[in-house]
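The structure appears below as structure tokens.
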Amino acid sequence: MNYKELFNIAMKLISSPVKAWEGIFMEKDRRKVFITFVYPMIGLCGLSVFIGSLLTNGWGGPQSFQIAMTNCCAVAVALFGGYFLAAYVINEMGIRMFGMSANISLTQQFAGYALVVPFLLQIVTGLLPDFRIIAWLLQFYIVYVVWEGAPIMMRVEEKQRLKYTLLSSLLLILCPTVIQFVFNKLTAILN
């Protein structure tokens, strides 16, 4: 995996989303997003949460390692499941509410790159948990990233752009959050 290219794409999506989305739209292989962006970012998020949890709870024994592994798994499961759930629901929403044709691979590509904001924030808050409140506010930058990507990638008409952007952004924020909440509750119950 080329991590330099990974962070280059992430920084382009954050700093100049229009140029980034135009470059992404030119990619022929829509499934390339899995290997080159989504899976490595999920791995980096899990690793940062694991290291941050060990730094917070100490290295003192097996319990701190268990907590770090549980936190790491919760983030990985939430981001992985949230990504696929959000992509599926955005695709269905496009079909039913916006009259788009079904194109799950394009929607997965769009959702994967649009999750750049939650991915980067999770990496930062994984290592520095004190920044959670700031990260909670910054996560709404995803609305701008989706706003710029919707007409380029998904060919959303201008009159439907705001509604599509808000619904897609909400799904991209809530799906991983809900899955992580459920995972954490189930972990607590099963322990």
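So in the UniProt record's numbering, spot 97 of the sequence shown is number 97, and the numbers just go up one at a time. Where is the CB? At the ideal position from N, CA and C, for every residue including glycine. As the structure is a computational prediction, the values presented were derived from the model and not from experiment.
- With a cutoff of 8 Å on beta-carbon distance, M154 and G94 are scored as near each other.
- Close CB contacts of Q160 within its chain, under the 7 Å cut and outside five residues either way in sequence, are with F98 (chain order).
- V156 is the residue among V156, G58, L55 whose C-alpha sits nearest the C-alpha of S101.
- With the rule of 3 Cβ pairs closer than 8 Å, the region 139-153 does not count as touching the region 58-66.
- Note that the region 79-90 does not touch the region 124-142; fewer than 3 beta-carbon pairs, one per stretch, sit closer than 8 Å.
- Taken through DSSP and simplified to helix, strand or coil, V156 comes out as coil.
- For P129, no alpha helix (DSSP H) encloses it, and the DSSP letter there is neither H nor E.
- Within a 10 Å sphere around the beta-carbon of W136 sit fewer than 16 other beta-carbons, which makes this residue exposed.
- Counted as a single uninterrupted DSSP element, the alpha helix (DSSP H) harbouring E5 occupies residues 3-15.
- In the three-state reduction of the DSSP assignment, R96 falls in the helix class.
- The beta carbon of Y144 sits closer than 8 Å to those of P17, all from its chain and outside the five residues before and after it, given in chain order.
- Contact between G46 and C72 holds, since their C-beta atoms are separated by about 5 Å, short of 8 Å.
- The three-state secondary structure of E27, taken from DSSP, is coil.
- If you check the CB distance, A78 and P176 come in under 8 Å.
- Distance from the CA of S105 to the CA of G58, rounded to the nearest whole angstrom, comes to 42 Å.
- Sequence-distant Cβ neighbours of T56 in its own chain, meaning closer than 7 Å and more than five residues away, are P129.
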